[in-house]
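Undergrad: First the structure, which I've put down as structure tokens, then a few questions once you've had a look.
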Amino acid sequence: MHFLFVIVMILIVVSCNRNNELANNRHLENKIDSLEEKILSLEKEISKQHNRADTASLPASSVVSKVSQKTVQAPKTSSIITKPKENEGLSGSTYYYYKTLPHKVSVIVTPWINQKRKVIFFNPFGDTTYVCNDVRMSYSITTRINKFYNNGAVNTITINNNPGASKYWTETYITFDINNNPQWKTVTQKPEINLEEGLNNKYWWNAKAKEWVKQEIIKEQEVSR
């Protein structure tokens, strides 16, 4: 009986020790889990601090450029390019058009600005063929369109040149073809003095050189008999 009691006591002691060991093991496991969670939390915090430090070390311009690239979009090309208006800058001018070619300008007469204006002639392709510079000062040069062709081109013009303090003035008569190209010019002094001046006053237009060339009169020599 005494021996049995001893055995029972031994079993009880052993069982208590095992229970204590299990309890200790659970406690250790809980501590380990808690430490692991703290370590993970610390690692996350350190990672955040490193990211902040990297961002702070970048130049301000690079940070701004990244933001602008994401938020700002450049306007479309078609919205910022505008086609210039025809003959822009000649507001207040008088326009004459070719009749057989709609919207093609034949002549532009600009307004008087500082006592000056221009009469500009164009061919049907939009190229300038001739320009008259009018002036109204102490002297005057004024251009008058006399006649048009049926297609809207200019047939003839007269330019009155008055030097002012003189009893003489000149009238220039210019003919054009059907494309507003000048052809012939006749310069007449008013009042006329003699007949010879009226015979030596014609010029033809050199289209290549863009200038007037005086027509020479060939005088026949008398043949001796």
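Read in order, the letters of the sequence shown correspond to residues 5 to 229 in our numbering. Where a beta carbon is used, it is the ideal one built from N, C-alpha and C, also for glycine.
1) Are at least three pairs of beta-carbons, each pair with one atom in the stretch 148 to 164 and one in the stretch 96 to 110, less than 8 angstroms apart?
2) Along the chain, where does the beta strand (DSSP E) that runs through Gln187 open and close?
3) For Val2, which residues from the same chain have a beta carbon less than 6 angstroms from its beta carbon, with the 5 sequence-adjacent residues on both sides left out?
4) Measuring straight from C-alpha to C-alpha, what distance separates Lys48 and Asn34?
5) Only counting the same chain, and skipping five residues up and downstream in sequence, which positions put a Cβ closer than 8 angstroms to that of Trp188?
6) Would you mind reading off the limits of the beta strand (DSSP E) that contains Trp209?
7) Applying the 10 Å Cβ sphere with the 16-neighbour rule, what's the burial state of Val3?
8) Confirm, please, whether the CB-CB distance from Thr162 to Glu175 is below 8 angstroms.
9) Under a Cβ-count criterion, where at least 16 other Cβ atoms within 10 Å of its own Cβ denotes burial, should Pro115 be classed as buried or exposed?
10) Who are the near neighbours of Ser95 in its chain, counting only those whose CB is closer than 6 angstroms to its CB and skipping five residues on each side?
11) Quick one: Cα of Ala211 to Cα of Ile182, how far?
12) List the DSSP bridge partners of Ser144.
TA: Here's the rundown:
1) Yes: the two stretches touch, three or more of their Cβ pairs being nearer than 8 angstroms.
2) Per DSSP, Gln187 belongs to the beta strand (DSSP E) from 186 to 194.
3) Past the boundaries of the shown model lies residue 2; the chain is included only from 5 to 229, so the question cannot be answered.
4) Here the alpha carbon of Lys48 sits roughly 21 angstroms from the alpha carbon of Asn34.
5) Taking Trp188 as the centre and dropping the five residues before and after it, the same chain places the C-beta of Ile178, Thr179, Lys206, Tyr207, Trp208, Trp209 closer than 8 angstroms to its C-beta, in chain order.
6) Looking at the DSSP string, the run of the beta strand (DSSP E) that includes Trp209 is 206 to 210.
7) Outside the shown range of the chain, which is 5 to 229, sits residue 3, and nothing can be said about it.
8) Yes, these two residues count as a Cβ contact at 8 angstroms.
9) It counts as exposed.
10) Excluding the 5 residues flanking it on each side, Ser95 has no same chain C-beta neighbour closer than 6 angstroms.
11) Between the alpha carbons of Ala211 and Ile182 lies a distance of about 15 angstroms.
12) According to DSSP, residue pairing for Ser144 in a beta bridge involves Arg140, Asn166.
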